[in-house]
């Protein structure tokens, strides 16, 4: 699990290209309200790996691991917003996709997904790609929507403050739920410290 999360949070050219192109599909699918395109874009967005890294890094107090996860999360979010803005330059409003949750439903669903994602990562079992899709779908539509709206413009009926709040709650809830799950299942830091030491040569 350590190695997988470490690899998924490395900010590389591959990550940047994969995230941007996936987010283009997501944003275009949202404008046209085409569910297959939305799902295709979501499949390759590594959001839940980044949040699991943040939760695990905070729980183990592995600060380099934590900051790597936070950096990857920030870069991914910025790329999704940018992809949404690029799509909006070639499309016309409105945005067909409107299936956004409320802050309360976001909290409940993100917490459940965070627990499931942490369990799946620890056991290396189950359909983890589907858990990842659920986590990504629940969160990444918000930065894509903001990217589109930066070009389309915010209308009087747009709930941008609620969407921003829900995005923050979803991220915090999923990360905290994963962190608590790691604690409850007795995750220890010795293994990851040895792994980081081998990778970086830092004693």
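Numbering (our numbering), first residue to last: 21 to 223. Even glycine gets a Cβ: it sits at the ideal position worked out from N, Cα and C.
Stretch-stretch touch, CB-based, cutoff 8 Å, three pairs: the segment 37 to 57 with the segment 174 to 187: In short, these stretches do not touch, since the Cβ pair count stays below three.
Where the alpha helix (DSSP H) through residue 13 begins and ends: Here the chain has residues from 21 to 223 only, and residue 13 is not among them.
For residue 42, count neighbouring Cβ atoms within 10 angstroms of its own Cβ and tell me buried if that reaches 16, exposed if not. The residue you call residue 42 lines up with position 22 of the chain shown. Burial call: buried.
Is it buried or exposed for residue 174, if we count other Cβ within 10 angstroms and need 16 for buried? Counting from 1 along the chain shown, the entry for residue 174 is found at position 154. Under this definition residue 174 is an exposed residue.
Return the chain-ordered list of same chain residues with a C-beta closer than 6 Å to the C-beta of residue 76, the five sequence neighbours on each side being excluded. Here residue 76 corresponds to residue number 56 of the chain shown, with the count starting at 1. The answer, listed in chain order, is 202.
Quick check: the Cα distance between residue 110 and residue 79, rounded to an integer number of angstroms? Counting from 1 along the chain shown, the entry for residue 110 is found at position 90. Counting from 1 along the chain shown, the entry for residue 79 is found at position 59. Near 44 Å, if we compare the C-alpha coordinates of residue 79 and residue 110.
Just to check, is the beta-carbon of residue 41 closer than 8 Å to a non-hydrogen atom of the ligand NAP? Inclusion of the ligand NAP in the displayed structure is not the case, the ligand content being empty and no account of it being possible.
Outcome for residue 146 when other beta-carbon atoms lying within 10 angstroms are tallied against a minimum of 16: Within the chain shown, the letter at position 126 stands for residue 146. Because the pLDDT of residue 146 is 49, which lies under 50, any placement of that residue in the model is unreliable, and the question is left without a value.
Measuring alpha carbon to alpha carbon, tell me which of 112, 47, 161 and 166 ends up nearest residue 3. Outside the displayed range of the chain (21 to 223) lies residue 3, so it cannot be described from this structure.
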